[in-house]
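Peer 1:
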Amino acid sequence: MGEIELKLNEFLNNKPLFYNEIDYDRMPNCWNTIKNNFKMPKKIIHIIGTNGKGSTGRFLAHYLDKMGFRVGHYTSPHISKFNERIWINGRDIDDERLEKAHQFLQNTISKKYLQTLSYFEYTTILALRCFSGLDYVILEAGLGGEKDATSVFERDLTLVTTIDYDHQSFLGNTIKEIATTKLNSIKTKAIIGKQIHDEVYQIAKKHPFYLDYFNGYEISEIRKFIKNNNFASYLADNLALALSAIIEEGLEFNLKYLKGVKLFGRMQKLNKNLYIDVGHNPLAARVIVNEFDEKIDIVYNTYEDKNYKEILEILKPIIDKLYIIDVKNPRIANKDDVINTAKSLNIEVEEFKSLRDKKTLVFGSFSVIEEFLSEK
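First residue of the sequence shown: 736, per my numbering; consecutive thereafter.
(1) In terms of residue numbering, what span does the beta strand (DSSP E) encompassing Gly879 cover?
(2) Starting from Glu738, trace the beta strand (DSSP E) in both directions and tell me its first and last residue.
(3) Ignore the nearest five residues each way along the sequence and tell me which others in Ser1102's own chain have a CB closer than 7 Å to its CB.
(4) Please identify the residue among Leu878, Asn772 and Leu799 whose C-alpha is closest to the C-alpha of Asp839.
(5) Assuming contact is defined by CB atoms lying nearer than 8 Å, are Phe949 and Ala975 in contact in what I supplied?
(6) Taking the C-alpha atoms as reference points, what is the distance between Gly877 and Asp830?
(7) If you draw a straight line from the C-alpha of Asn842 to the C-alpha of Gln930, how long is it?
(8) Which word fits Tyr992, buried or exposed, when buried means at least 16 other C-beta atoms lie within 10 angstroms of its C-beta?
(9) Give the DSSP-derived three-state secondary structure of Gly1099 in the structure shown.
(10) Which residue marks the beginning of the beta strand (DSSP E) containing Tyr759, and which one marks its end?
(11) Can you tell me whether Arg1001 is buried or exposed? The criterion is at least 16 other CB atoms within 10 Å of its CB, across all chains shown.
(12) Give me the DSSP bridge partner(s) of Asn1006.
(13) So, under 8 Å CB-CB, Val887 and Leu918 are touching, yes? Tell me the CB distance rounded to an integer number of Å.
(14) Which residue marks the beginning of the alpha helix (DSSP H) containing Glu983, and which one marks its end?
(15) Does the Cβ-Cβ distance between Lys1041 and His1015 come in under 8 Å?
(16) Three or more C-beta pairs closer than 8 Å, one from the region 857-874 and one from the region 804-813: is that the case here?
(17) So Ile1033 and Leu1057 are supposed to be a Cβ contact under 8 Å. How far apart are they, rounded?
(18) Thr893 bridges to which residues according to DSSP?
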C-alpha cells in the first residue's frame, strides 16, 4: 500500500461509506463553496442503474480514449487499490497525482465539510479534481440517483443500466420507488438500457430519453465482439448501452476502438478453471447462472444487507459445492448464518480452505474478490 493510500485510509476510514439518514444538502452545499476552484471537464456522462455501471463505463471510457479524447472514468468500489476508482487516459491514477488532489481538497474544503462529508462524497470530489480539464468524464453513481454525490455536477447525458432491487433501505422497497429516485437524476437527456421491469420504461417517459440506437447488424456485431473476446454474454447489453452514447455524441461506430479493453472482476477468467465476478445481488446471480452449463464450485460470501437466501436459490442449479470464505469487513454477513441458509436449501457447503481441481467461480462482492485474491 502506497503512502497516499495510507493517508487516504487514515482520513476516510472513520467516515461512513454513506449515511442512513442522508443530509441531502451537505454535498451540494459543499460543492457550491468550492466549485470555482475547479476546471470542469468539457462533458460529463453520468451512469445510473443497479448493475452494469462499471462495465458500461469502462467500455465507453476505453472507446473514447482510443479515439484520442482525454478521458476520465470514476468507478467504485475498488478491489485491490484505491487508485482503481480514478482512471485517466487508459490507466489508474498514479500516486503523485492522487496526492496532489488530496492535498488540494484538504486546503480548499472547509473544516466543517471535511468533518462531515461521507467517504463516497469526498472521493467523488477528489475524482473531479483529478479530472480537471478533460474532454470526457464518465461518472458512475454510487447507491442512488437524484441525491447521489455524483448528481451535483452538470451532466450532458445519462445512461441507465438495468434497474432492479438493491439497497432498499436507501432507495425504497418497490421498483417504482427505486426507479423513480434513480431516474430523477436525469437532467438533460438519457438513454435507457435493457430493463427487466416494464415499470422502469413507464417512469422513464417523464424524462427525455431514447431506447435504442442499434439495428440488427450492429447488435450482431456487438455480440460477436463479446464472444470473440471471451467476455460473458450478459456484457453485450452493457456494451450496446455504452455504444449508444457514442452514437448520441455523433462519433464513429467502429469496434476497433475497443481493442484491448479489460474488465476486471466481471466474469473474468483467471485460468482454465477459475472465474471471479464482483456481483452481489439477485440480478447479478440471474445473469451469472446462465453463463455455466455445468455444475461448478462457488466460493462465496456477502454483505449482511443482501438477500443471500434468494441469491443462493438462484445459483443452486449450478452449484456442485459452496465454499464460504472469511472476509474482513464489518458489513459482511455472519458466516454461520450463510452456511445454515445454504444447508436449508440442500446445498452442500463448508468453509473455504483451498480450491479443488474443478471449475470454480468466486462471487459475492468486491470485498469477497479482494479477500480471495489476497489469499491466492
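Beta carbons: idealized from backbone N, C-alpha and C, even for Gly.
Peer 2: According to the data block:
(1) First-last for Gly879: undefined, no H or E at that position.
(2) Not the beta strand (DSSP E): Glu738 falls in the alpha helix (DSSP H), residues Glu738 to Leu747.
(3) Val1062, Asn1064 and Ile1067
(4) For the sequence presented, residue 839 should be read as Phe rather than Asp. Checked all of Leu878, Asn772 and Leu799; the closest Cα to Phe839 is Asn772.
(5) Against a cut-off of 8 Å, the Cβ pair of Ala975 and Phe949 comes out as a contact.
(6) If you take the alpha carbons of Gly877 and Asp830, they lie about 23 Å apart.
(7) Roughly 44 Å separates the two Cα atoms.
(8) That one is buried.
(9) coil
(10) The continuous stretches of beta strand (DSSP E) do not include Tyr759, and DSSP gives it neither H nor E.
(11) buried
(12) Leu1009
(13) With a Cβ gap of about 17 Å, Val887 and Leu918 do not count as contacting.
(14) Leu970 to Glu983
(15) yes
(16) Contact holds: three or more Cβ-Cβ distances are below 8 Å.
(17) About 5 Å; that satisfies the 8 Å criterion.
(18) His781 and Ala925
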